[in-house]
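Take a look at the structure set out below.
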Amino acid sequence: MSASKPVIGFKVEIIIEPDEGGFHAYCPALKGLHTSGATQEETLENARNAVSAYLQSLIKHGDPVPNLIAYLV
Numbered sequence: 194m195s196a197s198k199p200v201i202g203f204k205v206e207i208i209i210e211p212d213e214g215g216f217h218a219y220c221p222a223l224k225g226l227h228t229s230g231a232t233q234e235e236t237l238e239n240a241r242n243a244v245s246a247y248l249q250s251l252i253k254h255g256d257p258v259p260n261l262i263a264y265l266v
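Just so we're aligned, residue 194 is where the sequence shown starts under my numbering, counting upward by one.
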């Protein structure tokens, strides 16, 4: 049986603003991270997925991860 890896969560600020019939979101701590959606809920979900993909890409490529509030899940 293999040991499970710890899961780490991050708290990041996500800003959601109205934008031409929908919403736009960005994360000031993660340069270039922008997303959108038709509703605030969809936009927040898209932003959460984008943050996850962004951080996974940084780790995969050995790039430094910005200082974020991390906690074990």
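Quick reminder that beta carbons are idealized off the backbone N, C-alpha and C, glycines included.
Just so you know, these numbers come straight off a predicted model, no measurement behind them.
Outcome for V270 when other beta-carbon atoms lying within 10 angstroms are tallied against a minimum of 16:
In the structure as shown, the chain starts at 194 and stops at 266, and residue 270 therefore has no counterpart that could be examined.
Residues bridged to T228 by DSSP?
Here residue 228 corresponds to residue number 35 of the sequence shown, with the count starting at 1. The beta-bridge partner set that DSSP reports for T228 consists of A218.
Reduced DSSP secondary structure (H/G/I, E/B, other) of V266:
Counting from 1 along the sequence shown, the entry for residue 266 is found at position 73. With a pLDDT of 49 at V266, under the threshold of 50, the modelled position of this residue cannot be trusted; read the value that follows with caution. Coil, per DSSP.
Across which residues does DSSP place E210 in a beta bridge pair?
Here residue 210 corresponds to residue number 17 of the sequence shown, with the count starting at 1. As computed with DSSP, E210 is found in a beta bridge with H217.
Look at the alpha carbon of E235 and the alpha carbon of G255, and state the distance between them as a whole number of angstroms.
The residue labelled residue 235 in the question sits at position 42 within the sequence shown. The residue labelled residue 255 in the question sits at position 62 within the sequence shown. Rounded to whole angstroms, E235 to G255 spans 30 Å at the Cα level.
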